[in-house]
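For what it's worth, my numbering labels the leading residue of the sequence shown as 307, then goes sequentially. Just so it is clear, CB atoms sit at the ideal spot from N, CA and C, and this is done for glycine as well. Have a look at the structure below, then the notes.
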Amino acid sequence: MKIFLVQVPTSHLGAGERVYPLGLARLSALIGAEHETSGLDMNLNADPWPELKSGLEALQPDLVVFSFRNIDPLAGHQTSYLSSLRTAAKMARALVPHAVLVVGGPAFNIFPARLMHEIPEIDYGLKGEGERAFPAMLSAFSNISRVPGVLFRKEGTVEANPGGPPVLADEIAEMDTQLFRPSDYLAGNRYVACMGIEGKRGCDLKCAYCVYPSISGSRSRLRDPVRIVDEMENLNKTYGADLFHFTDAVV
307 MKIFLVQVPT SHLGAGERVY PLGLARLSAL IGAEHETSGL DMNLNADPWP ELKSGLEALQ
367 PDLVVFSFRN IDPLAGHQTS YLSSLRTAAK MARALVPHAV LVVGGPAFNI FPARLMHEIP
427 EIDYGLKGEG ERAFPAMLSA FSNISRVPGV LFRKEGTVEA NPGGPPVLAD EIAEMDTQLF
487 RPSDYLAGNR YVACMGIEGK RGCDLKCAYC VYPSISGSRS RLRDPVRIVD EMENLNKTYG
547 ADLFHFTDAV V
């Protein structure tokens, strides 16, 4: 099967802000060798739409996975990135009508059903962590609607399966740094360091204002500090990364 992993634009600054697609890089590492995998981060190009178009036309993927990271810039701007996801889904549906379109990512996790309603081109949504659900989706490709955590369409409505148990810290996959090369992200950002590091995942608290339990789960899981430091050392020695940001929830 041909799989195309795409991070849609996550900044109104074009290619000015480059944030490594950590989620897609981890999912890519879980894809078996029997599949043909390609990737595109639309944030690396100030005008990425021709690149998405040519990629879809050339690859003719069977599965397109869109990662939707930000719903808005969270900085007082009157900006929404929903149009980026909508345009990408419409383009994929028009150019590869046979392909299955799946959307996940932090922004999708906040409004999964609403986004499925807003963008009818989406076939399936993936809510929650992907380390178990995504491989299960590939294994059950002819019946994705039975996978835990998947949103799907049924008789004109959007249905959602209950999510599975939280992914254990040791199950968090390594990054596929061949498909998404860290060296492409090392140009200085004005807002945040480009390379994200997960020190933990999830949060046990239920603060009314916070979306992190929806994004990464309602149970805290701490990664092994040795693995965290090994990951940072490898990124530094192999790719020259020397500035990192921790993606953890505040608490």
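- Taking 7 Å as the cut-off, the beta carbon of P412 is found closer than this to the beta carbon of I521.
- In the displayed model, S344 falls within a strand according to three-state DSSP.
- Looking at D368, E539 and N351, the one whose alpha-carbon comes closest to that of A493 is N351.
- Here DSSP, grouped into helix, strand and coil, assigns L444 to helix.
- For H551, there is no enclosing alpha helix (DSSP H); the enclosing beta strand (DSSP E) covers residues F550 to F552.
- DSSP places L336 in no beta strand (DSSP E); its state is neither H nor E.
- For V473, same chain residues with a beta-carbon under 7 Å away, outside a window of 5 residues either side, are E435, E437 and R438 in chain order.
- Fewer than three Cβ pairs drawn from the region 355-363 and the region 499-513 lie within less than 8 Å of each other, which leaves the two stretches out of contact.
- When the alpha-carbon of L330 is set against those of M538, G502 and D536, the nearest one is in G502.
- Rounded to the nearest angstrom, the gap between the Cα atoms of D429 and S489 is 33 Å.
- Less than 7 Å divides the Cβ of I534 from the Cβ of G505.
- By the neighbour-count criterion, in which a residue is buried when 16 or more other Cβ atoms sit within 10 angstroms of its Cβ, Q313 is buried.
- A364 and E480 have their alpha carbons spaced roughly 28 Å apart.
- In the DSSP annotation of this structure, R375 is not part of any alpha helix (DSSP H), being labelled neither H nor E.
- I309 and D554 have their C-alpha atoms roughly 29 Å apart.
- Going by DSSP, V532 is part of the alpha helix (DSSP H) stretching over P531 to Y545.
- Within the region 430-508, the runs of alpha helix (DSSP H) that reach at least 4 residues and sit entirely inside it are, in chain order, 436-445.
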